[in-house]
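Worksheet: the structure to be examined is printed underneath.
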Amino acid sequence: MTVHQLSVFIENKSGTLVKVLKLLKQEDIQLIASTIADTADYGICRIICSEPERAYTVLKEAGVAVSLCEVFAVELDDRPGKAADAIEIFAGEGISIAYLYSFLLNGKGVLIFRTDNSEKAAEIISANDLKIIREKDLSKLL
Amino acid sequence: MSYSKFYNPEECLSRSEIEALQLERLQATVKHCMNSPFYKERFRSIGLSPSDIRTLDDLRKIPFTTKQDLRDTYPFGIASVPLEKCVRLHSSSGTTGNPTVILHTQKDLDQWANAVARCLWMVGCRPEDVFQNSSGYGMFTGGLGFQYGAEKVGMLTVPAAAGNTLRQIKFFTDFGTTVVHAIPSYAARIYEVMCEKGIDPRRDTKLRTLVIGAEPHSEDTRKRIENMLGVKAYNSFGMSEMCGPGVAFECLEQNGMHIWEDYYIVEIVDPDTLEPVPEGEVGELVLTTINREAMPLLRYRTRDLTRILPGECPCGRHHRRLDRMKGRSDDMIILKGVNIFPIQIETILMQFQELASDYLITLDTQEDNDVMIVDVEMKDLHIDDYTKLQALSREITRQLRDEILVTPKVRLVPKNSLPKSEGKAVRVKDLRKKY
Numbered sequence: 048m049t050v051h052q053l054s055v056f057i058e059n060k061s062g063t064l065v066k067v068l069k070l071l072k073q074e075d076i077q078l079i080a081s082t083i084a085d086t087a088d089y090g091i092c093r094i095i096c097s098e099p100e101r102a103y104t105v106l107k108e109a110g111v112a113v114s115l116c117e118v119f120a121v122e123l124d125d126r127p128g129k130a131a132d133a134i135e136i137f138a139g140e141g142i143s144i145a146y147l148y149s150f151l152l153n154g155k156g157v158l159i160f161r162t163d164n165s166e167k168a169a170e171i172i173s174a175n176d177l178k179i180i181r182e183k184d185l186s187k188l189l
Numbered sequence: 003m004s005y006s007k008f009y010n011p012e013e014c015l016s017r018s019e020i021e022a023l024q025l026e027r028l029q030a031t032v033k034h035c036m037n038s039p040f041y042k043e044r045f046r047s048i049g050l051s052p053s054d055i056r057t058l059d060d061l062r063k064i065p066f067t068t069k070q071d072l073r074d075t076y077p078f079g080i081a082s083v084p085l086e087k088c089v090r091l092h093s094s095s096g097t098t099g100n101p102t103v104i105l106h107t108q109k110d111l112d113q114w115a116n117a118v119a120r121c122l123w124m125v126g127c128r129p130e131d132v133f134q135n136s137s138g139y140g141m142f143t144g145g146l147g148f149q150y151g152a153e154k155v156g157m158l159t160v161p162a163a164a165g166n167t168l169r170q171i172k173f174f175t176d177f178g179t180t181v182v183h184a185i186p187s188y189a190a191r192i193y194e195v196m197c198e199k200g201i202d203p204r205r206d207t208k209l210r211t212l213v214i215g216a217e218p219h220s221e222d223t224r225k226r227i228e229n230m231l232g233v234k235a236y237n238s239f240g241m242s243e244m245c246g247p248g249v250a251f252e253c254l255e256q257n258g259m260h261i262w263e264d265y266y267i268v269e270i271v272d273p274d275t276l277e278p279v280p281e282g283e284v285g286e287l288v289l290t291t292i293n294r295e296a297m298p299l300l301r302y303r304t305r306d307l308t309r310i311l312p313g314e315c316p317c318g319r320h321h322r323r324l325d326r327m328k329g330r331s332d333d334m335i336i337l338k339g340v341n342i343f344p345i346q347i348e349t350i351l352m353q354f355q356e357l358a359s360d361y362l363i364t365l366d367t368q369e370d371n372d373v374m375i376v377d378v379e380m381k382d383l384h385i386d387d388y389t390k391l392q393a394l395s396r397e398i399t400r401q402l403r404d405e406i407l408v409t410p411k412v413r414l415v416p417k418n419s420l421p422k423s424e425g426k427a428v429r430v431k432d433l434r435k436k437y
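Residue numbers (our numbering), protein chains in the order written: chain S, 48 to 189; chain X, 3 to 437.
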């Protein structure tokens with residue numbers, strides 16, 4: 048019920064992000080969404096892309112510090128308040144969101160997030176009929 | 003009140019008088035060392051007898067003593083007196099391997115205090131002065147060493163100890179402190195805080211003299227600190243194996259540190275061949291204590307690189323002058339007056355499963371403050387989790403601090419991102435402004 052996300056450790060030095068993006072470009076891997084959070088010394092670049100497993104191998108072999116993680120992707124109607132409704136469900140069940148980002152894809156809102164308790168999050172998603180995006184569906188939306 | 007320029011008559015000895023006194027004290031010391039199980043065995047093993055030391059040059063027949071010898075005989079194996087005659091011990095901080103221990107009898111403490119008092123008197127300290135010691139106390143010899151010396155001069159002595167800068171400044175103004183002992187980077191920090199609080203050292207304090215040392219610093223740094231605080235700053239040299247502070251000190255000329263040759267015999271040797279270098283050239287400082295009872299050390303290799311300044315000092319003292327320390331003949335790092343070996347850092351880092359094996363220690367000067375940055379390569383774990391990454395760097399920082407007693411800045415870096423040279427990793431990069 049999850050999709051793969053690349054988490055890339057980016058040193059706070061010029062050129063490190065470009066290196067990662069170029070490697071993906073060379074392999075014709077398409078970015079669907081990405082986000083960088085930073086501290087003073089380093090950042091974590093999180094990437095949703097086509098063919099995440101191949102992307103992981105490419106980066107790994109090029110010596111990039113990368114890990115492949117599983118995150119939830121929930122599809123929402125592109126209307127005000129939809130994100131609030133979804134998050135409220137998790138908050139009500141005492142699940143903390145470790146991080147979250149969102150983007151629009153073909154007129155649909157997509158919420159990507161990771162929680163502190165994946166199992167319980169999966170139960171809540173099923174119980175509340177939230178619309179999950181699967182990995183194969185993600186590339187189809189492109 | 004008018005005082006003599008000199009604290010001890012020994013300061014004014016001529017070269018020949020110094021050398022005669024040295025030979026007399028060396029012979030007595032060597033004889034006394036036969037009470038030490040360590041030296042007794044060492045002399046026996048090479049067939050050397052105390053009576054073979056007939057001239058100062060005969061000193062070279064005696065093998066060197068090293069830090070490793072101190073560790074191997076930990077804690078009391080080199081002592082030349084029974085333990086019940088000792089009244090104090092000081093010890094190095096390191097927890098990697100055995101620390102080094104130096105024992106003192108009451109006479110040793112008195113002689114040490116006298117040497118420190120002589121140094122302070124030489125830079126103009128008098129009983130009317132108020133002396134504030136911003137050095138760490140406890141095992142660190144810069145605390146008690148200066149305390150006893152300053153009290154011996156007769157100064158009102160404030161054992162302020164290290165840290166708490168606001169309180170240090172309050173003491174300056176409340177107690178009328180005229181003389182401060184601090185490491186150079188801390189002196190700069192004190193000035194910074196004074197500026198923040200709107201305190202002008204020239205207007206609001208009576209500071210006149212600053213005693214610095216224990217931390218490598220350049221002539222420029224000295225000048226800058228003098229200008230900041232409106233003081234004269236005098237460099238000093240000491241090490242716990244040689245009691246602590248008071249081994250060598252600048253006089254009012256501020257040109258080289260007089261080493262007290264009635265306390266120590268000085269040799270400068272090539273660290274590779276261990277042969278003496280020509281007069282005036284840089285080599286490793288080797289010292290023999292000739293005025294110590296509990297634990298004399300013969301030909302102790304300090305690992306500090308320096309040279310003897312040629313020529314006479316206009317101050318009238320014939321005790322020769324050491325140049326500023328030029329570095330080390332081993333990999334020891336001196337940061338904020340604390341001695342650190344890279345192996346101590348490596349030992350801590352290797353205990354973290356999350357880390358790969360490469361690391362880089364960078365020493366740098368940031369806003370007049372010497373800092374240590376430790377870059378550590380991570381294995382590819384926890385990359386998605388800031389909380390864990392931050393907890394990891396916090397834990398590394400904490401453990402390093404407990405070991406090396408200064409707080410480094412720990413940076414997590416990706417695997418294989420640190421520079422390597424000829425297959426061997428570069429471990430220490432020193433970018434500080436010094437020497």
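Don't be surprised by glycine CBs; every beta carbon is placed ideally from N, CA and C. Remember, predicted model here, so these are calculated numbers, not experimental data.
Residues that residue i bridges to, as DSSP identifies them
| i | result |
| --- | --- |
| S:C92 | S:V55, S:I83 |
| X:F173 | X:F173 is not bridged to any residue. |
| X:A235 | X:L212 |
| X:M374 | X:L365 |
| X:N37 | Partner(s): none; X:N37 has no beta bridge. |
| X:N135 | X:H183 |
Whether residue i touches residue j by CB criterion (8 Å)
| i | j | result |
| --- | --- | --- |
| X:R322 | X:E263 | yes |
| X:S94 | X:H34 | no |
| X:L289 | X:V271 | no |
| X:R27 | X:N293 | yes |
| X:E252 | X:G258 | yes |
| X:A190 | X:D370 | yes |
| S:I136 | S:I144 | no |
| X:C197 | X:E255 | no |
| X:E295 | X:T107 | yes |
| X:T211 | X:V132 | no |
| X:K42 | X:L50 | no |
| X:L365 | X:D306 | no |
| X:L25 | X:L58 | yes |
| X:D333 | X:V430 | yes |
| S:I142 | S:N164 | yes |
| X:L391 | X:L414 | yes |
| X:E286 | X:P278 | no |
| X:F469 | X:L324 | Coverage of chain X is limited to positions 3 through 437, which leaves residue 469 of chain X absent and any answer about it impossible. |
Burial state of residue i, where buried means 16 or more other Cβ atoms lie within 10 Å
| i | result |
| --- | --- |
| X:P218 | buried |
| S:A102 | buried |
| X:G425 | With a pLDDT of only 48 at X:G425, under 50, the local geometry of the prediction cannot be trusted, and no value is derived from it. |
| X:P416 | buried |
| S:V50 | buried |
| X:C121 | buried |
| X:K459 | Because chain X spans 3 through 437 in this model, residue 459 of chain X falls outside it and cannot be assessed. |
| S:Q73 | exposed |
| S:Q173 | A small correction: the amino acid at residue 173 of chain S is Ser; Gln does not occupy that position in the sequence shown. Looking at its Cβ environment, which holds fewer than 16 other Cβ atoms inside 10 Å, S:S173 is exposed. |
| X:T67 | buried |
| S:Q77 | exposed |
| S:G139 | exposed |
| X:A1 | As shown, chain X starts at 3 and ends at 437. That puts residue 1 of chain X outside it, with no answer to give. |
| X:T31 | buried |
| X:P410 | buried |
| X:E243 | buried |
| X:I398 | buried |
| X:I385 | buried |
| X:I345 | exposed |
Item checked: Secondary structure, beta strand (DSSP E): runs of 3+ residues fully inside the stretch 307 to 369 of chain X -> 335 to 337, 340 to 342, 357 to 368
Notebook entry, point to check: Three or more C-beta pairs closer than 8 Å, one from the stretch 132 to 152 of chain X and one from the stretch 168 to 184 of chain X: is that the case here?
Noted result: yes
Checklist line | Cβ contact (3+ pairs, closer than 8 Å) linking the stretch 351 to 370 of chain X and the stretch 300 to 313 of chain X | finding: no
Check: Counting Cβ pairs closer than 8 Å, one from the stretch 112 to 126 of chain S and one from the stretch 157 to 172 of chain S, do we hit at least three?
Finding: yes
Item checked: Every unbroken alpha helix (DSSP H) within the stretch 56 to 97 of chain X, with a cutoff of 4 residues, ordered by chain -> Here the runs fully enclosed are 69 to 74.
Margin query: Threshold first: 3 residues or longer. Then list the beta strand (DSSP E) segments lying entirely within the stretch 124 to 180 of chain S, N to C.
Written below: 144 to 152, 155 to 162
Note to self: Would the stretch 84 to 94 of chain S count as touching the stretch 48 to 67 of chain S if we require 3 or more Cβ pairs under 8 Å?
What the structure shows: yes
Next item on the list: Determine, using beta-carbon pairs with one atom in the stretch 157 to 165 of chain X and one in the stretch 99 to 114 of chain X, whether at least three such pairs fall under 8 Å.
Entry: no
Notebook entry, point to check: Are the stretch 14 to 33 of chain X and the stretch 311 to 320 of chain X in contact at 8 Å, needing three or more beta carbon pairs?
Noted result: yes
Margin query: Runs of 3 residues minimum, wholly inside the stretch 279 to 305 of chain X: which ones carry the beta strand (DSSP E) assignment?
Written below: 285 to 291
Check: Taking only runs of the beta strand (DSSP E) that begin and end inside the stretch 237 to 277 of chain X, which ones reach a length of at least 3 residues, in chain order?
Finding: 246 to 252, 259 to 261, 266 to 271
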